[in-house]
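What follows is a single structure, written as structure tokens, with notes after it.
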Amino acid sequence: MNYPLINLYHLYNLEMFAQGYCDGLQHSSTPAPKQSQNLGYNPSHAKTMLITTFPLIDKDGVFFSQKSSQMLQDMIFKVLNLSLCECAIFSLYKSQELLNPHDMQKYKEILFAQILQSPARCGLIFGLEEIAIPLFPKYSLSIGSSLNFKGKKLLITHSLKALIRLENLKKQTFQDLKNLKALL
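Shown next, in the form of structure tokens:
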């Protein structure tokens, strides 16, 4: 095959940035696994969902070393009195970087799929402006409010970032966690 020099340079850059190039591969007839299965932490016996802005846990259930991760762990174990295998933990963004609006739409779709795939019937969204309003723009939402998303009840509270910065928000978030615990 004869490739113009510009195409070879483009292919070189794709390979350099870890994007493979395959010419003429046969496509498998088996469907690809759903992308949302690999993102987030979704145990098969989850009782509740916790939805954050950024990932705080890997798919194996190991928390990252951050203040917000430690805070979420404390909420799960000390306030909700649940084990980790009883909580599905998802995030809107799938990396620590904010991306363009086109990527945001993809992440919304992935998060909606994760919520629907989770066996949990209730959950808590950490972040009104960060998550709840972008996900559900047609709803009139506020801190402490709840919504029903396809049979799953979701409560909304302050973001973990706001809780770290402002101690006085913890009382209302504690109340929201108690409301979530009552739904279990």
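Counted from 1, the sequence shown has number 190 at position 166 by the working numbering; the numbering is strictly sequential.
Note that beta-carbon positions come from the ideal geometry of N, C-alpha and C, so glycine has one too.
Ignore the nearest five residues each way along the sequence and tell me which others in leucine 201's own chain have a CB closer than 8 Å to its CB. Met99, Val103, Leu104, Leu148, Thr181
How many angstroms separate the CA atom of glutamate 133 from the CA atom of aspartate 127? 10 Å
Enclosing alpha helix (DSSP H) for asparagine 203 [first to last residue]: 194 to 207
Apart from the five residues just before and just after alanine 186, which ones in its own chain have a Cβ nearer than 7 Å to its Cβ? Leu193
Please report the residue range of the beta strand (DSSP E) in which lysine 177 lies. 176 to 181
Local Cβ density within 10 Å of glutamate 191, reported as buried at 16 or more and exposed below that: exposed
Compute the Euclidean distance between the alpha carbons of glutamine 196 and proline 67, then round it to the nearest angstrom. 28 Å
When the Cα atoms are used, what is the spatial distance from lysine 177 to arginine 189? 28 Å
Do serine 93 and phenylalanine 87 count as a contact pair if the criterion is CB distance below 8 Å? yes
Select from Ile81, Lys91, Tyr131 the residue whose C-alpha is nearest the C-alpha of cysteine 109. Ile81
Who does serine 115 pair with in a DSSP beta bridge? Thr76
Rounding to the nearest angstrom, what Cα-Cα distance links alanine 70 and lysine 91 in this structure? 24 Å
What do you reckon, are the CB atoms on leucine 116 and isoleucine 155 nearer than 8 Å? yes
Closest Cα partner of glutamine 138 within the set Ser89, Lys83, Phe114: Phe114
Sequence-distant residues of its chain with Cβ nearer than 7 Å to tyrosine 65 (five each side left out): Ile81, Lys83, Gly85, Ala112, Ile113
Three-way DSSP call (helix, strand, coil) for serine 170 in this model: strand
Out of curiosity, what's the CA-to-CA distance linking leucine 140 and threonine 72? 12 Å
With DSSP as the reference, label leucine 165 as helix, strand or coil. coil
Where leucine 135 falls, given that 16 or more other Cβ within 10 Å makes a residue buried: buried
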